[in-house]
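Take a look at the structure set out below.
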Amino acid sequence: MAKKVQQQVPELTPEQLRNEEVNWAFTQIVNDGLQMLKPFEANKYRAVVTVDHAGNERYPNLIKESISYFWNLTLSKSKNGALLIYYTYDNEATSKFGTVIFNRMLRSIFKHTSSDRNDINIEDCVRVNTDTKDIHNFFYKRMIEGESAVVTISSLEHVAA
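Numbering-wise, the sequence shown is residues 56 to 216 according to this note's numbering.
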């Protein structure tokens with residue numbers, strides 16, 4: 056009879072567990088944001104650029120980005136290896152549509168990073184840019200540059216509100 060060999064799976068360090076949690080939260084926040092875009096009739100408001108920065112030697116601390124007309128959500132790595140979520144909102148979007156989506160995105164960010172949600176505290180991983188920026192022009196530039204090995208452009212299906 057053959058003997059079964061058990062392989063030991065290395066335990067994750069607290070930093071690795073925290074980073075897994077931040078990565079999960081980033082994905083949930085992006086998914087929530089995408090749902091917020093679906094009611095818009097104009098395609099430009101439902102379009103999303105996703106950038107996978109893995110292996111980017113020029114910006115090794117960038118990991119992922121989700122860019123829309125409304126926001127830039129970025130997952131990046133600090134000098135000490137901790138994952139961080141950056142949220143920046145567009146100034147023109149605020150002028151045209153008010154702060155409804157901005158506020159809903161903040162709620163999503165806080166919902167998914169709250170210490171009440173899990174034993175692992177990741178509340179300090181969030182960086183919200185308090186000043187609106189010119190995201191829509193950056194978004195259009197990425198759209199014009201088109202897709203590549205690391206850039207995906209998609210348009211969400213319109214769903215009536």
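In this text, a Cβ means the ideal position worked out from N, Cα and C, and glycines have one as well.
This structure is a prediction, so every number in the text was calculated from the model and none was measured.
Exposed unless 16 or more other CB atoms sit within 10 angstroms - verdict on residue i
i           : result
residue 131 : buried
residue 186 : exposed
residue 204 : exposed
residue 199 : exposed
Cβ separation of residue i and residue j, assumed to be a contact under 8 angstroms, to the nearest whole Å
i           : j          : result
residue 128 : residue 88 : 7 angstroms
residue 137 : residue 74 : 7 angstroms
Residue range of the alpha helix (DSSP H) that includes residue i
i           : result
residue 163 : 155-168
residue 150 : 146-152
residue 82  : 69-92
residue 199 : 190-200
Cβ-based neighbour list, residue i, same chain, cut-off 8 angstroms, excluding 5 preceding and 5 following
i           : result
residue 182 : 139, 140, 141 and 142
Between the CA atoms of residue j and residue i - distance to the nearest angstrom
i           : j           : result
residue 135 : residue 78  : 16 angstroms
residue 195 : residue 103 : 10 angstroms
residue 161 : residue 174 : 21 angstroms
residue 119 : residue 215 : 29 angstroms
residue 115 : residue 164 : 24 angstroms
residue 191 : residue 178 : 28 angstroms
residue 71  : residue 113 : 24 angstroms
residue 111 : residue 170 : 31 angstroms
residue 68  : residue 184 : 30 angstroms
residue 122 : residue 105 : 6 angstroms
residue 213 : residue 76  : 31 angstroms
Unbroken beta strand (DSSP E) run spanning residue i, endpoints
i           : result
residue 104 : 102-107
residue 129 : 126-132
residue 117 : 117-123
residue 207 : 206-210
residue 181 : 181-183
Residues near residue i by beta carbon distance below 6 angstroms, same chain, minus five either side
i           : result
residue 109 : none
residue 146 : 187
residue 82  : none
Same chain, Cβ closer than 7 angstroms to residue i, five either side skipped, listed in chain order
i           : result
residue 100 : 92 and 124
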